[in-house]
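Comments concern the structure below.
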Amino acid sequence: MKLANRLDRLGTETAFAVAATAADWLAKGNEVFPFHLGDLNLATPANISAAMQRAVAEGKTGYCPNAGIAPLRLALAESLGKQRNVIFAPENIAVQPGGKPVIGKFLRSVMNPGDEVLYPNPGFPIYESQIEFNDGVAVPYKYLDTPNGFQIDLDYLKSKITSKTKALILNDQQNPLAAEMTDQERQALADLANKHNLWVLADEAYFDIRYAGESKSIISLAGMQDRTVILYTFSKKFAMTGWRLGAAIGPRDLVDRISKLNTNEESCTAQFVQWAGVEAINGDQSGANELVRVLKSRRDATIAGINKVPGMRVHTPNSAFYVFPEVSETMKRTGHKDVADFALDALHNSGMSFCTRRHFGRPAPDEKGNYIRLAYSGIDNAKIDKGLARLAEWVASK
Ligand SMILES: Cc1ncc(COP(=O)(O)O)c(C=O)c1O
1 MKLANRLDRL
11 GTETAFAVAA
21 TAADWLAKGN
31 EVFPFHLGDL
41 NLATPANISA
51 AMQRAVAEGK
61 TGYCPNAGIA
71 PLRLALAESL
81 GKQRNVIFAP
91 ENIAVQPGGK
101 PVIGKFLRSV
111 MNPGDEVLYP
121 NPGFPIYESQ
131 IEFNDGVAVP
141 YKYLDTPNGF
151 QIDLDYLKSK
161 ITSKTKALIL
171 NDQQNPLAAE
181 MTDQERQALA
191 DLANKHNLWV
201 LADEAYFDIR
211 YAGESKSIIS
221 LAGMQDRTVI
231 LYTFSKKFAM
241 TGWRLGAAIG
251 PRDLVDRISK
261 LNTNEESCTA
271 QFVQWAGVEA
281 INGDQSGANE
291 LVRVLKSRRD
301 ATIAGINKVP
311 GMRVHTPNSA
321 FYVFPEVSET
331 MKRTGHKDVA
341 DFALDALHNS
351 GMSFCTRRHF
361 GRPAPDEKGN
371 YIRLAYSGID
381 NAKIDKGLAR
391 LAEWVASK
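Mapping the sequence shown onto our numbering, position 349 (from 1) lands on 349, and the numbers just tick up by one.
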């Protein structure tokens with residue numbers, strides 16, 4: 001039986017394949033240090049879980065409004081508006097089963113077949129997959145590896161804007177680079193969006209995972225509120241990846257369209273999960289603050305461990321929970337030309353499991369360097385230390 005052609009254009013998150021290889025190695029009786037998946041091995045704060053259980057006990061288990069329950073839309077409007085210095089009404093919020101659905105729903109709401117959409121590469125692989133699946137043209141923009149960290153190559157991005165460009169996808173506190181925009185870069189991107197009349201998807205999945213400095217949103221800049229949709233998620237901030245709760249936040253007419261997609265696709269997000277979301281936003285924040293404290297100590301351990309691996313060079317990010325070391329010198333020592341071979345041998349010789357640059361979009365033909373991504377959200381400090389020490393030992397033995 002022949003399947004629909006459109007499925008040929010659907011990509012995936014190949015990080016899950018790395019997880020399968022690691023699970024296989026573990027099943028053979030080896031110790032594995034899981035740095036591959038951006039999931040958390042930390043519990044959802046107890047007050048949030050209790051709110052969900054209360055909601056179930058109270059019978060809040062039926063269908064609910066497609067755009068989300070009123071208290072959650074209000075809580076998100078007030079809290080996110082305050083943080084970003086803009087005014088949101090509940091009508092600006094469409095609750096979603098996770099942050100990920102916002103990507104496809106945004107694209108289907110603003111993009112016609114053949115329209116071009118700019119997206120970060122390396123970046124979250126679902127952007128490219130959803131643009132192509134929805135008949136758009138995926139146009140990657142790239143980053144420069146500077147002494148101050150990774151920065152969007154603005155000249156390159158500008159050179160890719162054409163009369164067909166419809167939207168710009170931005171991911172500050174970026175996955176996989178943990179790159180952040182400076183105020184000047186954010187303003188330059190807002191100027192481009194205003195000048196070329198672009199829709200903007202601001203993926204703010206890691207906005208609140210911050211160890212130093214301050215998160216800022218492009219939506220706060222002049223002219224941006226009418227053209228920006230924020231991808232918001234409870235997944236990372238409240239360790240709720242499996243709960244599936246997020247929101248699209250944007251102009252009312254666009255949010256109405258997105259809610260109509262909700263009606264067609266999942267009817268609504270689980271009501272008792274939304275009540276837990278109200279507690280997450282309005283309730284005690286000590287659990288969420290503790291998560292960031294734990295992640296910061298893991299970041300420090302990860303950086304310290306990487307710095308002991310011969311040949312690795314890494315930036316210390318102030319947000320998100322990823323690091324993206326450059327490993328060309330290390331690969332020279334271990335005798336690898338291909339970063340995927342290096343990753344597999346690292347697993348077999350040290351138990352370290354991680355993704356490479358190739359899991360985050362197709363590399364440009366002229367791209368330089370060899371990079372890997374370590375996610376430190378799902379691994380305790382003791383294992384971070386042990387895994388990286390083993391990696392250092394293996395590399396040093398070469
Ligand atoms: C950049 C980015 N955006 C969005 C998401 C989606 O997260 P979720 O669907 O769990 O909210 C992720 C998850 O890893 C991510 O890294």
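We put the CB at the ideal spot given by N, CA and C, even for glycine.
The alpha helix (DSSP H) enclosing Trp394, as first and last residue numbers: Taking the sequence shown and counting its residues from 1, the one referred to as residue 394 is at position 394. Note, Trp394: alpha helix (DSSP H), 381-396.
Cβ contact (3+ pairs, closer than 8 Å) linking the segment 55-69 and the segment 195-207: At 8 Å Cβ cutoff, the stretches do not touch.
Beta-ladder partner(s) of Tyr232, from DSSP: Indexing the sequence shown from 1 puts residue 232 at position 232. Its beta-bridge partners are Ala247.
Close Cβ partners of Gln151 (< 7 Å) along its chain, the five nearest in sequence each way excluded: In the sequence shown, residue 151 corresponds to position 151, counting from 1. Cβ within range, chain order: Tyr143, Leu144, Ala179, Glu185.
Start and end residues, alpha helix (DSSP H) containing Thr182: Mapped onto the sequence shown, residue 182 falls at position 182. Counting along the chain, Thr182 falls outside any alpha helix (DSSP H), and DSSP gives it neither H nor E.
Beta-bridge partners of Pro140, as assigned by DSSP: The count along the sequence shown starts at 1 and reaches residue 140 at position 140. DSSP, once it has assigned bridges, lists Tyr119 as partnering Pro140.
Segment contact flag, the segment 242-256 with the segment 91-107, C-beta cutoff 8 Å, min 3 pairs: These segments touch.
Three-state secondary structure assigned by DSSP to Phe33: On the sequence shown, residue 33 is found 33 positions in, with the first residue counted as 1. Annotated three-state conformation of Phe33 is strand, per DSSP.
Ordered list of alpha helix (DSSP H) runs contained in the segment 92-117, each at least 4 residues: For the segment 92-117, the continuous alpha helix (DSSP H) assignments of 4+ residues that do not extend past its boundaries occur at 101-110, in sequence order.
Ala75 beta carbon less than 8 Å from that of Phe88: By 1-based counting over the sequence shown, the position of residue 88 is 88. By 1-based counting over the sequence shown, the position of residue 75 is 75. No.
Residue range of the beta strand (DSSP E) that includes Ile306: For the purposes of this step, residue 306 is identified with residue 306 of the sequence shown, where counting begins at 1. DSSP places Ile306 outside any beta strand (DSSP E); the residue lies instead in the alpha helix (DSSP H), whose first and last residues are 286-306.
Residue closest to Phe234, alpha-carbon to alpha-carbon, out of Gly81, Lys158, Leu170, Val95: The residue labelled residue 234 in the question sits at position 234 within the sequence shown. Looking at Gly81, Lys158, Leu170, Val95, the one whose alpha-carbon comes closest to that of Phe234 is Val95.
Of the listed residues Gln274, Cys268, Asn148, Gly38, nearest to Phe354 (C-alpha basis): Within the sequence shown, numbered from 1, the residue matching residue 354 stands at position 354. Comparing Cα positions, the closest option is Gly38.
Those residues which DSSP pairs with Phe150 across a bridge: As a first step, residue 150 is located in the sequence shown; it is residue number 150 there, counting from the start. For Phe150, DSSP records a beta bridge to Asp145.
Endpoints, alpha helix (DSSP H) assigned at Arg54: Translated into the one-based positions of the sequence shown, residue 54 becomes position 54. Unbroken alpha helix (DSSP H) run through Arg54: 46-57.
Reduced DSSP secondary structure (H/G/I, E/B, other) of Ile169: Looking up residue 169 in the sequence shown gives position 169. Correct three-state label for Ile169: strand.
Counterpart residues of Ser353 in DSSP-defined beta bridges: In the sequence shown, counting from the first residue as 1, residue 353 sits at position 353. DSSP lists Pro34 as partners of Ser353.
Neighbour-count burial assignment, Pro147, 16 or more Cβ in a 10 Å radius: Position 147 of the sequence shown, counted from the first residue, corresponds to residue 147. Residue environment analysis places Pro147 among the exposed positions, since fewer than 16 neighbouring C-beta atoms fall within 10 angstroms of its C-beta.
Expected contact under 8 Å - CB spacing of Ala276 and Trp243 to nearest Å: For this step, residue 276 is matched to residue 276 along the sequence shown. For this step, residue 243 is matched to residue 243 along the sequence shown. For Ala276 against Trp243, the beta-carbon gap comes to about 7 Å, under 8 Å, which counts as contact.
Contact belief for Asn121 with Gly361 at Cβ below 8 Å, rounded distance in angstroms: Position 121 of the sequence shown, counting from 1, holds the residue named residue 121. Position 361 of the sequence shown, counting from 1, holds the residue named residue 361. About 4 Å; that satisfies the 8 Å criterion.
Minimum C-alpha distance to Lys100 - residue among Thr165, Met331, Ala202, Ala55: The residue you call residue 100 lines up with position 100 of the sequence shown. Looking from the CA of Lys100, the closest CA among Thr165, Met331, Ala202, Ala55 belongs to Ala202.
Contact belief for Ile379 with Pro34 at Cβ below 8 Å, rounded distance in angstroms: On the sequence shown, position 379 is the one that residue 379 refers to. On the sequence shown, position 34 is the one that residue 34 refers to. The C-beta distance from Ile379 to Pro34 rounds to 6 Å, short enough to meet the 8 Å contact threshold.
Met352 classed as buried or exposed, judged by whether at least 16 other C-beta atoms fall within 10 angstroms: The count along the sequence shown starts at 1 and reaches residue 352 at position 352. Label assigned to Met352: buried.
Assigned exposure category for His315 - 16 Cβ within 10 Å defines buried: In the sequence shown, the residue the question calls residue 315 occupies position 315. Answer is buried; the Cβ neighbour count reaches 16.
Integer Cβ distance of Pro325 from Arg313, believed to fall under 8 Å: Here residue 325 is taken as the residue at index 325 of the sequence shown, counted from 1. Here residue 313 is taken as the residue at index 313 of the sequence shown, counted from 1. Pro325 to Arg313, Cβ: 6 Å. Contact.
Segment contact, 8 Å Cβ cut-off, at least three pairs: the segment 110-117 with the segment 159-175: Yes, the segment 110-117 is in contact with the segment 159-175.
For Arg210 and Asn289, believed in contact at Cβ under 8 Å, the rounded distance: Here residue 289 refers to the residue found at position 289 when the sequence shown is read from its first residue. Here residue 210 refers to the residue found at position 210 when the sequence shown is read from its first residue. Actually they are not in contact, since the Cβ atoms of Asn289 and Arg210 sit about 11 Å apart, beyond 8 Å.
DSSP three-state assignment for Glu132, whether helix, strand or coil: Here residue 132 refers to the residue found at position 132 of the sequence shown. It is helical.
Thr12, buried or exposed, once every other Cβ within 10 Å from all chains shown has been counted against 16: For this step, residue 12 is matched to residue 12 along the sequence shown. Flag for Thr12 reads exposed.
Exposure of Asn262, with buried meaning 16 or more beta-carbon neighbours within 10 Å: Numbered from its first residue, the sequence shown carries residue 262 at position 262. Buried, because 16 or more other Cβ atoms sit within 10 Å of the Cβ of Asn262.
Burial state of Asp172 (16 or more Cβ within 10 Å): By 1-based counting over the sequence shown, the position of residue 172 is 172. Around the Cβ of Asp172, a 10 Å sphere holds 16 or more other Cβ atoms; the residue is buried.
CA-to-CA distance, Leu231 to Val395, given in whole angstroms: In the sequence shown, the residue the question calls residue 395 occupies position 395. In the sequence shown, the residue the question calls residue 231 occupies position 231. Separation of Val395 and Leu231 (C-alpha to C-alpha, rounded to the nearest whole angstrom) is 40 Å.
CB of Val86 within 8 Å of CB of Ser220, strictly: Taking the first residue of the sequence shown as position 1, residue 86 is located at position 86. Taking the first residue of the sequence shown as position 1, residue 220 is located at position 220. It is a contact, given that the beta carbons lie within the stated cut-off.
Paired residues, beta bridge with Arg313 - DSSP: Residue numbering aside, residue 313 sits at position 313 when the sequence shown is read from its first letter. Per DSSP, Glu326.
Closer than 7 Å: Leu16 CB and nearest ligand 1 heavy atom: Taking the sequence shown and counting its residues from 1, the one referred to as residue 16 is at position 16. Inspection of the sequence shows that residue 16 is occupied by Phe rather than by Leu. Every heavy atom of ligand 1 is 7 Å or more from the Cβ of Phe16, so no.
Gly98 Cβ short of 7 Å to ligand 1 heavy atom set: Taking the sequence shown and counting its residues from 1, the one referred to as residue 98 is at position 98. Yes, Cβ of Gly98 sits closer than 7 Å to a heavy atom of ligand 1.
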